[in-house]
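As numbered in this note's numbering, residues 10 to 324 make up the sequence shown, in order.
Below is one structure, written out as structure tokens; the observations come after it.
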Amino acid sequence: MEKIELPYAKKNSFSGVLDKNLRKLEKRLGISLSVRGDTILIDGQPDKVEFAKYYFNKMRELEKKGYRLKEEDFNIALDLLEEGQTQQLERFFPAQALNFSRKSVTPKSLNQQEYIRAIKEYDLVFGIGPAGTGKTYLAMAMALSFLQNKLVNRIILTRPAVEAGEKLGFLPGDMYQKINPYLRPLYDALFDLAQSEQANRLIDKDIIEIAPLAYMRGRTLNSSFIILDEAQNTTKEQMKMILTRAGFDSKLVVTADITQIDLPQPKKSGVLHALKILSSIKEIAVVHFNHKDVVRHPLVQKIIKAYQKAEAKAQ
Numbered sequence: 010m011e012k013i014e015l016p017y018a019k020k021n022s023f024s025g026v027l028d029k030n031l032r033k034l035e036k037r038l039g040i041s042l043s044v045r046g047d048t049i050l051i052d053g054q055p056d057k058v059e060f061a062k063y064y065f066n067k068m069r070e071l072e073k074k075g076y077r078l079k080e081e082d083f084n085i086a087l088d089l090l091e092e093g094q095t096q097q098l099e100r101f102f103p104a105q106a107l108n109f110s111r112k113s114v115t116p117k118s119l120n121q122q123e124y125i126r127a128i129k130e131y132d133l134v135f136g137i138g139p140a141g142t143g144k145t146y147l148a149m150a151m152a153l154s155f156l157q158n159k160l161v162n163r164i165i166l167t168r169p170a171v172e173a174g175e176k177l178g179f180l181p182g183d184m185y186q187k188i189n190p191y192l193r194p195l196y197d198a199l200f201d202l203a204q205s206e207q208a209n210r211l212i213d214k215d216i217i218e219i220a221p222l223a224y225m226r227g228r229t230l231n232s233s234f235i236i237l238d239e240a241q242n243t244t245k246e247q248m249k250m251i252l253t254r255a256g257f258d259s260k261l262v263v264t265a266d267i268t269q270i271d272l273p274q275p276k277k278s279g280v281l282h283a284l285k286i287l288s289s290i291k292e293i294a295v296v297h298f299n300h301k302d303v304v305r306h307p308l309v310q311k312i313i314k315a316y317q318k319a320e321a322k323a324q
């Protein structure tokens, strides 16, 4: 074990975020941290202590250059440094916020930031990863941002109506009431970002359209921001159909969790097929998320890691 001390100037953004996230950083860095007066005491294995020292010095450099550090910045910087991308550090700061009537949204991990960058730069983006990594939520945030800035004229939200491992049977009501349970996650993201009155007005005017994937056939969607959610449950034919709907000045974001395919024959998932045959097209971006990107309860990260280990052993 090794102990070192680093200077610790109080009343700046570095100290504020560090105080708030001391325990989280201990877990991620694999060390023990404590603040004593004007110093940070780092205790742990020599290699981990050395990395922690390097990490904190890099964070201080960012602050000295005028970056006001936030909680998510500590995580994004840690992701970059763990991957050896030191030269990329300043490229990702500051994380730009997306501002809406109810709240502001900023990426909370390196992959989330890459996802937002990819959506800005590419017309077709695949967001692949486990539950809770922000795939659908950030896609919705970007769609609303594009609409606010008049970069598109409408938003189209769609997903296949496939049950998640249980038979729901006959659903009462008209067409919208029948499909509503399948589209609920998209509604949840929309109403979390926008005021209810604003969201309902946009839906009533068909500026935001929420519909099952089957209703996309035969259409050409110009000047639209299209989100295909739960794409792991599409067939090859459905995936080809939606990928060829995009018209001029349109964006298409496809989100999928390939560990939760509910089709009778999972290997025939449309998204798996698309990722394979489209991999050579440079104009398409694919962003992969992992347990580090989970923004739900901290226990969800551990659950995802446990399942990933079990699935790796079973292969």
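From the three backbone atoms N, C-alpha and C, an ideal C-beta is built for every residue, glycine too.
The C-beta of residue 260 has 16 or more other C-beta atoms within 10 Å across all chains shown, which makes the residue buried. For residue 282, the uninterrupted alpha helix (DSSP H) run begins and ends at 279-286, by DSSP.
Note on geometry: alpha-carbon atoms of residue 267 and residue 44 lie some 43 Å from one another. Exclusion of the five residues before and after residue 232 leaves 161, 162 and 258 as the residues of its chain whose Cβ lies within less than 6 Å of its Cβ.
By the Cβ test, the stretch 119-126 is not in contact with the stretch 238-257, since fewer than three Cβ pairs between them sit closer than 8 Å. The criterion of a C-beta distance shorter than 8 Å is not satisfied by residue 219 and residue 281. Assignment of residue 260 by DSSP, reduced to helix, strand and coil, places it in the strand class. Rounded to whole angstroms, the Cβ separation of residue 134 and residue 262 is 5 Å, and the two are in contact under 8 Å.
According to the DSSP assignment, residue 213 belongs to the alpha helix (DSSP H) that extends over 205-213.
Residue 136 and residue 283 have their alpha carbons spaced roughly 13 Å apart. Between residue 195 and residue 168, the C-beta spacing is below 8 Å. Residue burial is scored here from C-beta neighbours: residue 274 has fewer than 16 other C-beta atoms within 10 angstroms and is therefore classed as exposed.
Beta-bridge annotation (DSSP): residue 300 is not paired with any residue.
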